[in-house]
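Residue numbering for the sequence shown follows numbering that gives the first Met the number 0, starting at 0 and increasing by one per position. For reference, the structure is listed below as structure tokens.
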Amino acid sequence: MSLLVTVPTDRLAANVGTPPDGVEIRVWDMKTPAPAEHIDIVVPPYMGASGSLDALDGLSVGLVQGQSIGYDGVADLLPAGMPYANAASVHETSTAELAVGLMIAAQRQFPRFALAQERGEWAPVFAESLADRRVLLVGFGGVGKAIARRLAPFEVELTALARSARTEHVEGLGEVAVHGIDELEALLPAAEIVMASLPDNAETHHLFDTAMIARMAPNALLVNVGRGPLIDSDALLTALKEGRIRAASDVFEPEPLPAGHPLWTAPNLLITPHGGGASTAMNPRMARLVRTQIERMLAGEPPVNVVIPAS
């Protein structure tokens, strides 16, 4: 059996390494003509992947292997009949690192100290801790679990919430009682830190609207590493300006956040530019996933992480 696999960069090709006999790896950025009419596995670029999918029109493709966990809008752009796999297992660790970093930076007022350093000013402050805080994880998929594992040593009081209630065994944490999304309104008032890591869909769109944000405890911290549309930007801006809550977010609606957008100057908001998965952890883990898909295809086994099956 012979396979043709395309990856978008020389770096990813190098990380995948020497393929098994019969497997050819070609670098294709999807901006130039396709290297063949049939490609067994296509890996689109990491940034702007959705805009590259029209390059697949007219081709025969065994699997499109995305480089992101999220796949918002992909089904509308993917040529009919092509299965699509997301990059579960690649970004969870890096995103969880950023999530915990945002919590610590906001609680301990790192932005304030960075500005004071630019001014050459010694500016001590008595800050909020992460230890002993009541943390509500809104989303308990791969990213939510990775965040929970990293929060355990910080001695927080952790509550997990997902689409449906369940008891789940999580490696490193043991048995976790997971609440259903229908309990969010009841759980919000007691939370001092609310961490959102949900995907964007019809059920989660503007989940944190004016009414939901109003249920948060005074001065609570709202952190978003899921998708921007989870939070109504206008409702967040109003709450920040009124000093009711604080926020730290890696994702926004709209995105990229345009120059001059009022959130740039909103008080008590820490902004990072959608970089949860963008770290040195990504390429080796992405290469590992590509190798797994190659091995499974060679063995006649179905690929992992298929989120849009062949139609």
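Positions of the beta carbon are idealized from the N, C-alpha and C atoms, including for glycine.
Relative to R10, the option among G21, Y45, A35 and A54 whose CA is nearest is Y45.
A direct Cα-Cα distance of roughly 10 Å separates E91 from S196. In the structure shown, G179 falls within a strand segment according to DSSP collapsed to helix, strand and coil. The bridge partners DSSP lists for L262 come to none. If you look at D39, you'll find it in the beta strand (DSSP E) that goes H37 to V41. For M285, the enclosing alpha helix (DSSP H) has its first and last residue at M281 to L297. When secondary structure is reduced to three states using DSSP, L187 falls in the helix class. Counted as a single uninterrupted DSSP element, the stretch harbouring N267 is not any beta strand (DSSP E), since DSSP gives it neither H nor E. Around the C-beta of E191, 16 or more other C-beta atoms lie within 10 Å, and the residue is accordingly described as buried. The Cβ atoms of V303 and A86 lie no closer than 8 Å to each other. Under the criterion of beta carbons closer than 8 Å, A246 and T209 do not qualify as touching, at roughly 14 Å. Looking at the DSSP output, T5 shares a beta bridge with R25 and V41. Pairing T17 with K144, the inter-Cα distance amounts to about 33 Å.
A216 carries a coil assignment under DSSP once its states are collapsed to helix, strand and coil.
Beyond the five residues adjoining it in sequence on each side, S248 comes within less than 6 Å, by CB distance, of N223 in the same chain, given in chain order. Only residues of its own chain outside the window of five on either side were considered, and among them S49 have a CB closer than 7 Å to the CB of G72, listed in chain order. Beta-bridge partners assigned by DSSP to H168: E174.
DSSP, reduced to helix, strand and coil, places G61 within a strand of the structure shown. If you ignore the 5 residues before and after P78, its C-beta comes within less than 7 Å of the C-beta of L55 and D56, all in its own chain and listed in chain order.
Of the other Cβ atoms in all chains shown, 16 or more fall within 10 Å of the Cβ of T203; this residue is therefore buried.
Within the DSSP secondary-structure output, T158 pairs in a beta bridge with L135.
Burial check for P7: the Cβ neighbour count within 10 Å reaches 16 or more, so the residue is buried.
When the five nearest sequence neighbours on each side are left out, the beta carbons in the same chain lying within less than 7 Å of the beta carbon of L269 are those of L101, A104, A105, P110 and A247, in order along the chain. Inclusion of L58 and A33 in the CB contact set at 8 Å is warranted, their separation being smaller than that value.
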